[in-house]
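See below for the structure under consideration.
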Amino acid sequence: MRILNVKNLNHQSRIVNLKSSGWVRGLSFVLMALYLFYPVISNARQDLPCLKNISSVDALLVANPDGEIIYKKHETEKHIPASTFKLLTALTAIKRLGASHRFTTEFYIDADHNLKIKGFGDPLMVSEAWQEIADALAKKIKNFNALILDDTYFSPQIVIPGSTHSTNPYDAPVGALCANFNTVFFHRDHRGRIVSSEPQTPLIPFARKKIQKLGLKQGRYTFSHDQKEIALYAGNLLLYFLKKRGVTCQGKVCLNAIRPEDRLIYTYQSRFSLEDILRKMMAFSSNFIANQIFISMGAKVYGPPGTLAKGVKVVSESAKNDLHLQHIEITEGSGISRKNRVSALDMLAILKAFKPHRHLLKRTGNTFYKTGTLMGISTRVGYIDGPSENPYYFVIFLNRTGSNIDTILGCVTRTLSHSAQNR
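Per our numbering, residue 3 is the first one in the sequence shown, and the count goes up by one each step.
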């Protein structure tokens with residue numbers, strides 16, 4: 003809010019002409035604005051003990067159930083939100099795609115009797131989904147030549163800002179056609195042999211070779227950052243399940259695009275709604291799921307192929323038009339990038355809009371929240387349920403090492419509880 007700033011008024015010369023010059027109307031407007039906003043301003047108190055622990059590179063904001071700020075410090079300065087940024091991605095997805103939206107994957111037969119798959123970025127194409135697909139296809143075909151994979155719904159070789167080419171699952175790459183979050187989960191038996199850690203997921207030769215090549219010991223790993231290899235893993239996994247059901251393949255697994263003359267024989271619709279997916283995304287803080295949704299939104303709104311730029315445009319426009327956030331900085335959808343920048347006031351607007359969906363967040367006691375962690379960054383935002391149906395809002399951005407966000411949140415909840423008891 004801009005407050006009228008009048009400098010160097012010559013009271014002797016101007017007071018006489020106040021009415022005739024229109025200043026009465028202007029002054030009345032300013033006084034009325036100050037009167038209307040005064041309750042909000044006056045409610046921003048300084049009696050929160052942990053405010054002194056908020057350094058110059060941190061931010062804290064607490065608002066009452068009416069959205070009025072009661073505690074604040076550095077609330078207008080931009081900070082790195084880390085994974086709390088996922089709330090904005092989720093909020094935009096609910097608006098653009100709908101909470102009941104379900105991802106699909108299409109299957110075709112071409113003139114040469116090749117089986118073709120076209121992916122549309124479904125983030126939850128886990129082994130159980132591929133087995134369900136194999137069950138359906140086994141009822142429609144008994145043999146085919148090659149298995150052809152179409153991953154062109156996403157632009158090739160998308161690199162997420164902030165991610166690295168590590169084997170850490172948090173760095174798993176995106177793709178239009180994926181399996182098991184583009185990761186493998188395994189251990190070694192007493193003889194040192196590689197064994198799947200998931201009974202529903204076989205360690206097919208394609209994955210086993212990648213594990214051996216990378217020299218991985220055990221655990222869950224991202225095994226490739228090559229989009230073609232990602233799609234090939236999904237295709238080979240499906241082929242394994244099809245063969246188990248008696249379906250034969252005479253050719254190889256390869257990549258190519260669907261053609262207009264190809265015949266659609268089956269459309270797999272995810273068993274998970276977007277709301278289900280978002281709940282899993284929040285629970286595991288999955289960067290992969292967040293950016294699959296982020297890029298899929300771009301393709302949905304602006305047409306394929308999906309790109310980071312299109313995803314940024316969709317979320318930026320939603321932030322601007324729906325939340326009136328003019329200066330938010332967005333580079334990707336998960337919060338892994340340090341170039342994402344949000345103020346505590348920006349996050350309050352996001353929290354207000356996300357309130358009907360707060361049940362998607364992790365819950366501890368009467369607090370619904372999302373955490374964020376990067377090297378030297380600790381963030382937490384969410385809701386604290388009070389005596390009324392509407393919750394309190396809180397935003398904590400700690401952009402430094404050695405900070406204890408649990409202590410600060412505990413201070414906030416105790417202070418709110420104490421204030422409520424003393425009313």
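Glycine residues also receive a C-beta, built at the ideal position from the N, C-alpha and C atoms.
**Request:** List the residues that DSSP assigns as beta-bridge partners of residue 190.
**Result:** BP columns for residue 190 point to 196.
**Item:** N- and C-terminal bounds of the alpha helix (DSSP H) containing residue 373
**Value:** No alpha helix (DSSP H) contains residue 373, which is instead part of the beta strand (DSSP E) from 369–376.
**DSSP bridge partner residues for residue 308 (one or two, in chain order)** = Looking at the DSSP assignment, residue 308 forms a beta bridge with 156.
**residue 420 - DSSP class collapsed to helix/strand/coil** = Look at residue 420 here: in three-state DSSP terms it is helix.
**Item:** Span of the beta strand (DSSP E), counted from its first residue to its last, around residue 366
**Value:** If you look at residue 366, you'll find it in the beta strand (DSSP E) that goes 364–366.
**Asked** Do three or more CB pairs link the segment 101–114 to the segment 340–349 at distances below 8 Å?
**Response** Output reads no: the segment 340–349 does not touch the segment 101–114.
**Asked** Thinking C-alpha only, which one of 222, 65, 122, 141 is nearest residue 302?
**Response** Closest option to residue 302, Cα to Cα, is 122.
**Helix, strand or coil at residue 69 [DSSP, three-state]** = The three-state reading of DSSP puts residue 69 in coil, since its state is none of H, G, I, E or B.
**Prompt:** If we count the other Cβ atoms within 10 Å of its Cβ and call it buried at 16 or more, is residue 412 buried or exposed?
**Reply:** Residue 412 is exposed by the Cβ-count criterion.
**Request:** Starting from residue 237, trace the beta strand (DSSP E) both ways and give me its first and last residue.
**Result:** It is not in any beta strand (DSSP E) - residue 237 instead sits in the alpha helix (DSSP H) that spans 229–246.
**Spatial neighbours of residue 290 in its chain, beta-carbon cut-off 6 Å, leaving aside the 5 residues before and after** = In the same chain as residue 290, and ignoring 5 residues on each side of it, the C-beta atoms closer than 6 Å to its own belong to 174, 183, in chain order.
**Request:** Please go through the segment 60–104 and give each complete alpha helix (DSSP H) segment of 4 or more residues, from N-terminal end onward.
**Result:** Unbroken alpha helix (DSSP H) runs of no fewer than 4 residues, entirely contained in the segment 60–104, are found at 88–98, following chain order.
**Message:** Let's see if you can read the secondary structure: which residues bound the beta strand (DSSP E) around residue 331?
**Reply:** Taken as a continuous stretch (DSSP letters only), residue 331 belongs to no beta strand (DSSP E), as it is neither H nor E.
**Selection from 185, 66, 159 that minimises the alpha carbon distance to residue 208** = Minimum Cα-Cα distance from residue 208 among the listed residues 185, 66, 159 corresponds to 185.
**Asked** So what's residue 205 in DSSP terms, helix, strand or just coil?
**Response** Reduced to three states, the DSSP call for residue 205 is coil.
**Request:** Can you give me the start and stop residues for the alpha helix (DSSP H) that residue 277 sits inside?
**Result:** It spans 276–286 - the alpha helix (DSSP H) in which residue 277 sits, taken as one unbroken run.
**Prompt:** What separation, rounded to the nearest whole angstrom, lies between the Cα atoms of residue 404 and residue 340?
**Reply:** Taken atom to atom, the span from the alpha-carbon of residue 404 to that of residue 340 is near 19 Å.
**Item:** Residue from 139, 313, 198 whose Cα sits closest to the Cα of residue 251
**Value:** Residue 139 is the option with its Cα nearest to residue 251.
**Close-in-space but distant-in-sequence residues of the same chain around residue 407 (CB under 7 Å, 5 per side omitted)** = Cβ neighbours of residue 407 beyond the five flanking positions: 380, 382, 398, 400.
**Asked** Counting contacts by CB-CB distance shorter than 8 Å, is residue 383 in contact with chain B?
**Response** Reference to chain B is not applicable here, since this structure consists of a single protein chain.
**Asked** Between the beta-carbon of residue 165 and the beta-carbon of residue 297, is there less than 8 Å?
**Response** With respect to the 8 Å criterion, residue 165 and residue 297 are not classified as neighbours on the basis of their beta carbons.
**Asked** Which residue from 153, 155, 294 puts its Cα closest to that of residue 95?
**Response** The residue among 153, 155, 294 with its C-alpha nearest the C-alpha of residue 95 is 294.
**Message:** If you measure between the beta carbons of residue 85 and residue 375, is that distance less than 8 Å?
**Reply:** A distance below 8 Å separates the beta carbons of residue 85 and residue 375.
**Message:** For the beta strand (DSSP E) containing residue 109, name the first residue and the last one.
**Reply:** Taken as a continuous stretch (DSSP letters only), the beta strand (DSSP E) holding residue 109 covers 106–111.
**Message:** Once the 5 residues before and after residue 270 are set aside, which same chain residues still bring their CB inside 6 Å of it?
**Reply:** Excluding residues within five positions, the ones whose Cβ falls inside 6 Å are 107, 135.
**Request:** Return the first residue and the last residue of the alpha helix (DSSP H) that residue 271 is part of.
**Result:** That residue, residue 271, is in no alpha helix (DSSP H); its beta strand (DSSP E) goes 265–271.
**Asked** What does a CB cutoff of less than 7 Å around residue 243 pick up in its chain, not counting 5 residues either side in sequence?
**Response** Closer than 7 Å at the Cβ level, and outside the excluded window around residue 243, lie 132, 133, 136.
**Item:** Other residues of its chain near residue 281: CB distance less than 7 Å, five sequence neighbours each side excluded
**Value:** Correct list, in chain order: 362.
**Prompt:** Exposed or buried, which one is residue 417 when buried takes at least 16 other CB atoms within 10 Å?
**Reply:** Residue 417 should be labelled buried.
**Request:** State the start and end residues of the unbroken beta strand (DSSP E) segment that holds residue 347.
**Result:** It is not in any beta strand (DSSP E) - residue 347 instead sits in the alpha helix (DSSP H) that spans 346–356.
**Request:** Report the option in 49, 79, 115 whose CA atom is closest to the CA atom of residue 267.
**Result:** Among 49, 79, 115, the Cα nearest to that of residue 267 belongs to 115.
**Item:** Cutoff 8 Å; reference residue 328; Cβ partners in own chain excluding five residues on either side
**Value:** Closer than 8 Å at Cβ, skipping near neighbours: 322.
**Message:** Among the candidates 409, 420, 212, whose CA atom is the shortest distance from the CA of residue 52?
**Reply:** That would be 409, whose Cα lies nearest to the Cα of residue 52.
**Request:** Return yes when the C-beta of residue 382 is under 7 Å from any heavy atom of the ligand MG, and no when it is not.
**Result:** You won't find the ligand MG in this model; it holds no ligand whatsoever.
**Asked** In whole angstroms, what is the alpha-carbon distance linking residue 149 and residue 275?
**Response** So the two alpha carbons sit approximately 28 Å from each other.
**Pair within 8 Å by beta-carbon distance, residue 169 and residue 203** = Cβ atoms of residue 169 and residue 203: not closer than 8 Å.
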